[in-house]
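In the numbering used here, the protein residues as written are 1 to 488. Just below is one structure, and these are the notes that go with it.
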Amino acid sequence: MVTEVVPTTENGRKKVETSFQALSGGTVPVSDSEIGALRGALRGSVLLPGEPGYDAARAIWNAMIDRHPGMIVQALGAADVIQAVNFAREHGVVLAVRGGGHNIAGNAVCEGGIMLDLSRMRSVHVDPTTRRARVEGGALLSDVDKETQAFGLAVPVGINSTTGIAGLTLGGGFGWTSRKFGLTIDNLLSVDIVTADGTLRRVDATQHPDLFWAVRGGGGNFGVVTSFEFQLSSLGPQVISGLLLHPFAEAPALLREYRRLAAAAPDELCVWLVLRKAPPASFVPVEWRDKEVLIIALCYAGPMEAGEAAAAPFRALGKPIVDLVGPHPFVGWEAAFDPLLAPGARNYWKSHDLKQLTDAASDVLLDAARHLPSSECEVFIGQLGGQINRVPADATAYPRRDVAFTVNIHTRWRDPAQDAVCTAWTRTLFKALAPHAMGSVYVNFMPADEADRIQSAFGSNYARLAEAKRRYDPQNLFRLNQNIPVAA
Ligand SMILES: Cc1cc2nc3c(=O)[nH]c(=O)nc-3n(C[C@H](O)[C@H](O)[C@H](O)COP(=O)(O)OP(=O)(O)OC[C@H]3O[C@@H](n4cnc5c(N)ncnc54)[C@H](O)[C@@H]3O)c2cc1C
Numbered sequence: 001m002v003t004e005v006v007p008t009t010e011n012g013r014k015k016v017e018t019s020f021q022a023l024s025g026g027t028v029p030v031s032d033s034e035i036g037a038l039r040g041a042l043r044g045s046v047l048l049p050g051e052p053g054y055d056a057a058r059a060i061w062n063a064m065i066d067r068h069p070g071m072i073v074q075a076l077g078a079a080d081v082i083q084a085v086n087f088a089r090e091h092g093v094v095l096a097v098r099g100g101g102h103n104i105a106g107n108a109v110c111e112g113g114i115m116l117d118l119s120r121m122r123s124v125h126v127d128p129t130t131r132r133a134r135v136e137g138g139a140l141l142s143d144v145d146k147e148t149q150a151f152g153l154a155v156p157v158g159i160n161s162t163t164g165i166a167g168l169t170l171g172g173g174f175g176w177t178s179r180k181f182g183l184t185i186d187n188l189l190s191v192d193i194v195t196a197d198g199t200l201r202r203v204d205a206t207q208h209p210d211l212f213w214a215v216r217g218g219g220g221n222f223g224v225v226t227s228f229e230f231q232l233s234s235l236g237p238q239v240i241s242g243l244l245l246h247p248f249a250e251a252p253a254l255l256r257e258y259r260r261l262a263a264a265a266p267d268e269l270c271v272w273l274v275l276r277k278a279p280p281a282s283f284v285p286v287e288w289r290d291k292e293v294l295i296i297a298l299c300y301a302g303p304m305e306a307g308e309a310a311a312a313p314f315r316a317l318g319k320p321i322v323d324l325v326g327p328h329p330f331v332g333w334e335a336a337f338d339p340l341l342a343p344g345a346r347n348y349w350k351s352h353d354l355k356q357l358t359d360a361a362s363d364v365l366l367d368a369a370r371h372l373p374s375s376e377c378e379v380f381i382g383q384l385g386g387q388i389n390r391v392p393a394d395a396t397a398y399p400r401r402d403v404a405f406t407v408n409i410h411t412r413w414r415d416p417a418q419d420a421v422c423t424a425w426t427r428t429l430f431k432a433l434a435p436h437a438m439g440s441v442y443v444n445f446m447p448a449d450e451a452d453r454i455q456s457a458f459g460s461n462y463a464r465l466a467e468a469k470r471r472y473d474p475q476n477l478f479r480l481n482q483n484i485p486v487a488a
């Protein structure tokens with residue numbers, strides 16, 4: 001931890017300074033009176049090391065990340081965000097921005113700098129007449145789903161309801177309904193963003209269109225989004241959804257059948273596969289718990305009868321141990337994987353994009369799944385395509401409009417003694433799958449040690465993003481993200 005207390009004198013009076021991590025490297029002193037002035041200016045609060053609430057506020061989803069910010073600013077609105085951004089810039093202090101705190105790379109929290117925590121800014125306002133929602137920058141997907149579904153409306157988001165809307169949207173955002181409705185960013189109408197100069201801007205297709213383009217996929221590189229405005233679509237509140245649990249012995253044949261059926265699936269249907277050990281959940285028969293299984297998880301974003309028909313070919317595959325597909329409240333289905341993805345575990349992820357789930361790629365995945373290093377590890381195969389891929393790659397900063405499947409190696413465990421084994425398993429699988437992959441990667445699935453993949457993540461949009469970075473954040477104040485250095 002960089003923070004330290006240094007007594008000095010100022011005009012003969014005793015003055016206390018704290019050393020913060022400096023943007024320029026090294027440390028920079030900040031006096032307690034300056035911190036006091038910031039405290040007084042905020043609607044929200046400042047938490048310093050040792051103060052009540054500090055440790056809870058610095059904890060994020062991935063328990064591998066254990067950093068101690070010099071100060072946490074818990075913002076209550078745009079005014080607080082402006083104060084924190086100005087304070088960090090004027091003092092030259094490293095700044096981390098926390099939305100939902102879910103990102104695997106851990107960029108929501110910094111060592112010795114300022115952590116700007118938006119977790120108290122979770123309001124969601126739905127206007128059912130215009131079918132629009134305005135969502136604050138610290139909201140979780142569950143906040144968005146619950147408020148929109150009260151009106152039978154939805155915006156496509158991810159599959160784990162405790163994820164933050166901010167990080168997810170800024171990276172692109174996809175989930176169960178994206179094949180029908182597009183990425184989260186394809187439904188984004190405007191953002192309110194505090195840029196590095198401390199200005200709050202309303203940014204949309206006509207106001208700062210270059211910045212609006214950049215925030216739709218460019219991550220947190222351009223400022224702090226205090227609110228997002230989304231266009232909503234009709235959905236639910238009940239949807240055909242659920243999962244099918246199969247013995248792992250059937251997985252090779254099921255993968256081939258999945259490939260065939262997925263290629264013919266309508267946009268409304270999204271089907272993901274998971275290779276893992278069966279969890280100790282009540283729906284899993286006792287004799288199958290902790291045994292390798294293949295899970296087919298699906299959701300139909302449309303009428304129930306059509307959903308039953310679309311799901312039928314997947315339900316007819318093999319002899320499932322459990323078939324839980326049926327009508328479920330969409331809000332419930334959005335949270336179905338939450339118990340398996342709860343915060344507090346150690347996590348290391350790597351990810352590949354696939355154009356096709358070939359036999360060779362399937363063999364690599366199956367082989368790895370026979371040697372899972374812990375009972376919580378999983379290989380996720382997420383189906384993209386549909387409406388996501390009909391948007392041109394340069395329409396937004398998100399370039400991956402040709403990906404059919406994204407494979408996420410979710411390595412997850414509890415005991416730090418297993419760190420080496422688990423990360424090695426991930427890297428081995430990642431390397432073995434590379435020859436069958438496209439080379440691109442979803443920016444939101446990248447761990448902290450993949451700086452060499454950032455250009456691949458932004459692909460053909462990288463140069464334009466670097467230009468936007470130069471324009472809106474020339475000092476690279478927003479650097480704790482999958483960072484785009486400032487263009488010369
Ligand atoms: C269990 C799990 C399941 C997931 N499932 C999906 C999925 O189905 N689909 C999908 O698309 N993604 C998914 N993701 C990835 C997810 O989109 C990213 O982890 C995302 O970054 C999380 O956003 P957050 O706000 O919670 O993250 P944080 O860790 O808070 O932030 C992530 C990054 O965004 C920046 N940031 C956060 N808030 C703001 C803001 N208001 N303004 C500017 N910058 C900000 C941060 O500084 C950081 O760089 C999943 C992640 C996890 C852990």
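Note that beta-carbon positions come from the ideal geometry of N, C-alpha and C, so glycine has one too.
| Item | Value |
| --- | --- |
| Own chain, CB closer than 7 Å to Pro209, minus 5 neighbours either side, in chain order | none |
| Within the stretch 318–371, ranges of the beta strand (DSSP E) (whole runs, at least 3 residues) | 326–329, 346–354 |
| Integer Cβ distance of Thr426 from Ile409, believed to fall under 8 Å | 5 Å |
| Pair within 8 Å by beta-carbon distance, Glu257 and Arg132 | no |
| Option nearest Ala57 by Cα separation, candidates Val203, Pro435, Ala108 | Ala108 |
| Phe151 - DSSP class collapsed to helix/strand/coil | coil |
| Given 8 Å, three or more beta-carbon pairs between the stretch 91–106 and the stretch 114–131 | yes |
| Own chain residues within Cβ distance below 6 Å of Ser119, not counting five before or after | Gly138 |
| Bridge-paired residues (DSSP) for Lys277 | Glu292 |
| Thr140 in three-state terms, based on DSSP | Contrary to the premise, residue 140 reads as Leu rather than Thr in this sequence. Leu140: strand per DSSP, three-state reduction. |
| His208: CB within 7 Å of a non-hydrogen atom of ligand 1 | no |
| Reduced DSSP category for Ile304 - H, G, I as helix; E, B as strand; rest coil | Looking at the sequence shown, residue 304 is not Ile but Met. If DSSP states are grouped into helix, strand and coil, Met304 belongs with the helices. |
| Runs of beta strand (DSSP E) wholly within the stretch 403–437 (minimum 3 residues, chain order) | 405–413 |
| C-beta contact flag for Pro392 and Asn461 at 8 Å | no |
| Distance CB(Gly326)-CB(Gly242) smaller than 8 Å | yes |
| Through-space distance from Ile193 to Asp127, alpha-carbon basis | 21 Å |
| Buried/exposed call for Asp473, threshold 16 Cβ in 10 Å | buried |
| Cβ contact check for the stretch 321–338 and the stretch 403–420: 3 or more pairs under 8 Å | no |
| Residue(s) in a DSSP beta bridge with Ser190 | Asp204, Glu229 |
| Under 8 Å between C-beta atoms of Ile388 and Leu273 | no |
| Exposure of Met1, with buried meaning 16 or more beta-carbon neighbours within 10 Å | Its pLDDT being 43, under 50, Met1 is placed unreliably by the model, and the measurement read from it follows with that caveat. Under this definition Met1 is an exposed residue. |
| Collapsed DSSP secondary structure at Ser19 in the structure displayed | strand |
| Length of the line joining the Cα atoms of Leu269 and Ala84 | 43 Å |
| Environment of His371 [buried if 16+ CB atoms lie within 10 Å] | exposed |
| Closest residue to Leu357 among Leu433, Val30, Ala312, Gly44 (Cα-Cα distance) | Leu433 |
| Counted within 10 angstroms of its Cβ, other Cβ atoms place Phe478 as buried (16 or more) or exposed | buried |
| Cα-Cα separation, Leu294 to Phe248 | 5 Å |
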